[in-house]
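Novice: Protein chains in written order, with UniProt numbering: chain A, 1 to 112; chain B, 1 to 112. By construction, the Cβ of each residue, glycine as well, lies at the ideal position given by its N, Cα and C atoms.
(1) Could you check the C-alpha separation between residue 41(B) and residue 19(B) for me, to the nearest Å?
(2) Going along chain A, which residues have a C-beta under 7 Å from residue 2(B)?
(3) So, is residue 13(A) buried or exposed, given that buried needs 16 or more other C-beta atoms within 10 angstroms?
(4) Within a Cβ cutoff of 7 Å, which residues of the same chain sit near residue 47(A), ignoring the five residues on either side of it in sequence?
(5) Three-state secondary structure (DSSP) at residue 97(A)?
(6) Could you tell me whether the Cβ atoms of residue 33(B) and residue 69(B) are closer together than 8 Å?
(7) Distance cutoff 8 Å, beta carbons only. Does residue 18(B) sit that close to anything in chain A?
(8) Counting only Cβ-Cβ distances shorter than 8 Å, please list the residues of the region 42-72 of chain A near chain B, keeping chain order.
(9) Below 8 Å on the Cβ atoms is my guess for residue 59(B) versus residue 88(B); work out the distance and round it to an integer in Å.
(10) In this structure, does DSSP put residue 81(A) in helix, strand or coil?
(11) In the DSSP assignment, what residue or residues form a beta bridge with residue 70(A)?
(12) Kindly indicate the opening and closing residues of the beta strand (DSSP E) around residue 32(A).
(13) Between residue 65(B) and residue 84(B), what straight-line distance do the alpha-carbon atoms span, to the nearest angstrom?
(14) Can you find a CB in chain B that lies within less than 8 Å of the CB of residue 31(A)?
(15) Quick check: residue 30(B) and residue 49(B), are their CB atoms within less than 8 Å of each other?
(16) Could you check which residue in 99(A), 63(A), 21(A) and 73(A) has the C-alpha nearest to that of residue 7(B)?
(17) Do you know offhand how far residue 4(A)'s Cα is from residue 38(B)'s?
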């Protein structure tokens, strides 16, 4: 199986595929073709999310800080409940994300 | 932070960096420059490992099956205790791996 195979170039909505899953972890491949999070809505997740862009380009926004532009290889940890949204993804080519959702180490992120 | 930055081309041993970590998950970036697992030894891990090659090329061997050649984008789930070794990595360029170690869903893999 190859991450770069079967990347659709035109999708009605984001394509999410679960690549592997464990007791408290989920690894997803996500393909966006110009998609953004619905205006006025935020992701507010129970789990931490580590995310990397492998192709394409995207911009994430946060309700508590500056937006982040992500190009291939750029990765980011989004702690649980840090409200964020996909502000923009390029329409020039599909944007391929790899996301790992997992349980944080108790207290670690709060203590930092 | 970018996965493709600061990739050394010549290393005395594999370079392992922890990118993110949770209660029962660890996300690592691994760089090999021709390294292999020490002859005669196997990895025998407590956790499942999902692994993808992002650059370079590698060959994994298993004590219970055929070897697998991995090129950029190729990914694989190695269940806990499936004995494996890195048989070969290319010397032409660094091989960049992303590995996610995690706890399996109880019984799921045994039941399959």
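Specialist: The structure says:
(1) So the alpha carbons of these two residues sit roughly 26 Å apart.
(2) Neighbours of residue 2(B) on chain A, chain order: 73 and 74.
(3) Exposed, since its Cβ has fewer than 16 Cβ neighbours within 10 Å.
(4) If we look at residue 47(A) and ignore the five residues flanking it on each side, its Cβ neighbours are 80, 101, 102 and 103.
(5) Note: residue 97(A) maps to strand in three-state DSSP.
(6) Not a contact, by the Cβ cut-off of 8 Å.
(7) By this cut-off, residue 18(B) is not an interface position.
(8) Residues passing the 8 Å Cβ filter: 48, 50, 52, 54, 71 and 72.
(9) In this structure residue 59(B) touches residue 88(B) by the C-beta definition: roughly 4 Å separates them, less than 8 Å.
(10) Note: residue 81(A) maps to coil in three-state DSSP.
(11) According to DSSP, residue 70(A) bridges with 58(A).
(12) First-last of the beta strand (DSSP E) with residue 32(A): 25-32.
(13) Going from the Cα of residue 65(B) to the Cα of residue 84(B) covers about 10 Å.
(14) The beta-carbon of residue 31(A) is placed no less than 8 Å from the nearest beta-carbon of chain B.
(15) Not in contact: residue 30(B) and residue 49(B) (Cβ atoms no closer than 8 Å).
(16) Measuring from the Cα of residue 7(B), the nearest candidate turns out to be 73(A).
(17) Using only the alpha carbons, I get a separation of about 31 Å.
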